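Quick note on numbering: the sequence shown equals residues 653 to 1070 in our numbering. Structure first, then comments.
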Amino acid sequence: MDQQMESKLRVLHQALYQALDFPDLSTGYTNFVRSLRERYHPVGVRDVRIAELASGLKFQVDLGDRLGADVYYGYYQEYFDAQLLLSLIHPGATVLDIGANFGYYALSAGTKVGKDGLVLAFEPNPEAYELLERNTQINQLESIVQCHQACLGATDGETDFYLTEESSFSGIGATGRAKIKQQVRIPLHRLDSFLERLQIPTIDVMKIDVEGYEFAVLESAQTILENSPDCVIMLEVSAKNLDQHRLVALIEVLERLYRLGFQAFRVNSTELTPLKTPAAISEIGAANLFLTSTNSSQHQELQDSYQRLRRFAFQGIAPELNIVPEPLLWRHSQDPLGYSKLHGALLDACLRDRQGRIEAQNRDIQRREVELTKLKAEISRLEAKLKAEISRLEAENQALKQELNLPLRAKIIRKLRG
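Shown next, in the form of structure tokens:
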């Protein structure tokens, strides 16, 4: 693919942030951008490139994976959540990244904790783990970031792990969100026993993104969380990954954390919303939750960091990647034919999505109008039938009256004559 097409894709990806504000168009726009990208970077076809942040961090990412391709082209849906979590990491901290993928959180955290801190990054997927290890070496963070190819759960041993075409959707359970290409056996650790072996008594930050098995990680971390009242937890909640069993299990483990004094917050672009009860997660489609102990200093720091960051972080990751949309748009004005074709295709895709819903609504209106016309005709028929029946009954009533009156009239006439 030529550089010009890459630039156009970067422009389109940057607009994904703005598209989220328009529910009627965002789905069509997102599908258009990703389908266009997949013509050049097919899903599941490994294509490793370098994405470099302004901070100097470099990441090898796989463009055959949705997350890797999104970041490479300047879109990271969880960018604000990531910046919020990173703002709560301080020098000397101990951080766990569970479900590390290629290492965006782990390596960013590594630069925050410094030489006196520690980051433990867990990634069971072999392909993602390979990128994680490489990225740790590229950024010379091996002494700070420890990489472990393992799953975390209720017991120590091994577990089945499903590898999918998009590594971001691989997991202990099949989510159905990507095609499974292989089933492998992966080491499984209880987090409490794993940290005990490493002689780590407390932790400061824990991020969990394990495709629906967040409850299993938390169940394996009861002791360390009891001993770490100042810990900040960020975990993914996605209805797509939670069947009824996993949902109930997650609610139960969150209830235990609430009893320890933790409080969960949902992050969005306008507010940091507290969850009064863990059961409220059943109403969440997809979001990251932040948990802090209400008595900890991190509890207030989370509120303050949110207010500070929301002023700029929703602009997305593109500025960090030195992707500035305006010059790219200006550059494309020198290629009006090619860019207008792309722009036209974008509009077509969005309008098709909207037009499809309008046409469906119109068909529904027409169907209802036909039903209403039939109903009106049936009402008219019943009214006519009712009127005819009333007329018949009135006529019968009148005839009956006349029959009853005849004998009486005859008596009166005979009496008068007599």
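Note that the Cβ used here is the ideal one computed from N, Cα and C, for glycine as well. In this text, all values refer to a predicted model and were calculated from it rather than measured experimentally.
Is residue j closer than 8 Å to residue i when the C-beta atoms are compared?
i       : j      : result
Leu649  : Thr811 : Examination of residue 649 is not possible in this model, given that the chain is present from 653 through 1070 alone.
Ala758  : Val797 : yes
Leu927  : Phe917 : yes
Val919  : Leu736 : yes
Leu887  : Leu941 : yes
Gly696  : Glu817 : yes
Val747  : Ala761 : yes
Thr1073 : Leu954 : The shown model of the chain, from 653 to 1070, leaves out residue 1073, and the question about it has no answer.
Ile750  : Met858 : yes
Asp844  : Gln874 : yes
Ala830  : Leu784 : no
Leu850  : Lys833 : no
Arg718  : Ser880 : no
Ala868  : Ala780 : no
Ala745  : Pro776 : no
Gly913  : Gly864 : no
Lys767  : Ile741 : no
Gln712  : Arg662 : no
Gly937  : Ala891 : yes
Thr682  : Ala671 : yes
Ile860  : Ile876 : no
For the alpha helix (DSSP H) containing residue i, name the first residue and the last one.
i       : result
Thr1098 : Lying before the first or after the last residue shown, residue 1098 is absent from the chain, which here runs from 653 to 1070.
Leu902  : Gln896 to Arg911
Glu775  : Glu775 -> no alpha helix (DSSP H), and no H or E assigned at all.
Arg849  : Leu843 to Arg849
Ala761  : Tyr756 to Val765
Ile876  : Gln874 to Glu878
Check for me: the beta strand (DSSP E) holding residue i runs from which residue to which?
i      : result
Phe867 : First-last for Phe867: Glu866 to Glu871, but that is the alpha helix (DSSP H), not the beta strand (DSSP E).
Thr944 : Ala938 to Ser945
Tyr727 : First-last for Tyr727: undefined, no H or E at that position.
Glu888 : Val884 to Ser890
By how many angstroms is the C-alpha of residue j removed from the C-alpha of residue i?
i       : j       : result
Arg689  : Tyr727  : 13 Å
Phe846  : Pro743  : 23 Å
Glu907  : Ile885  : 14 Å
Leu1034 : Glu1023 : 16 Å
Ala1040 : Lys1053 : 20 Å
Met657  : Arg686  : 14 Å
Leu793  : Ser948  : 30 Å
Ile1017 : Lys1026 : 14 Å
Gln602  : Phe813  : Nothing about residue 602 can be read from this structure; the chain reaches only from 653 to 1070.
Val904  : Pro930  : The residue you asked about is not Val; residue 904 is Glu in the sequence shown. Going by the C-alpha atoms only, they are around 8 Å apart.
Gln655  : Tyr731  : 25 Å
Arg962  : Phe754  : 26 Å
Tyr756  : Asn893  : 22 Å
Tyr669  : Gln729  : 8 Å
Ala1072 : Asn1049 : Since the displayed the chain opens at 653 and closes at 1070, residue 1072 lies outside it and no answer follows.
Glu704  : Glu848  : 36 Å
Leu715  : Glu1021 : 50 Å
Ile852  : Tyr958  : 29 Å
Arg960  : Cys883  : 21 Å
Gln915  : Phe684  : 38 Å
Leu738  : Gln950  : 12 Å
Asn1014 : His665  : 33 Å
Lys710  : Arg691  : 26 Å
Ile933  : Ala1012 : 32 Å
Ala773  : Thr788  : 10 Å
Arg898  : Glu871  : 12 Å
Asp956  : Arg911  : 24 Å
Ser659  : Gly809  : 47 Å
Leu1038 : Arg1044 : 10 Å
Pro694  : Ile702  : 18 Å
Is it the case that the CB of residue i approaches a heavy atom of the ligand MN more closely than 7 Å?
i      : result
Tyr728 : This structure lacks the ligand MN; in fact it carries no ligand of any kind.
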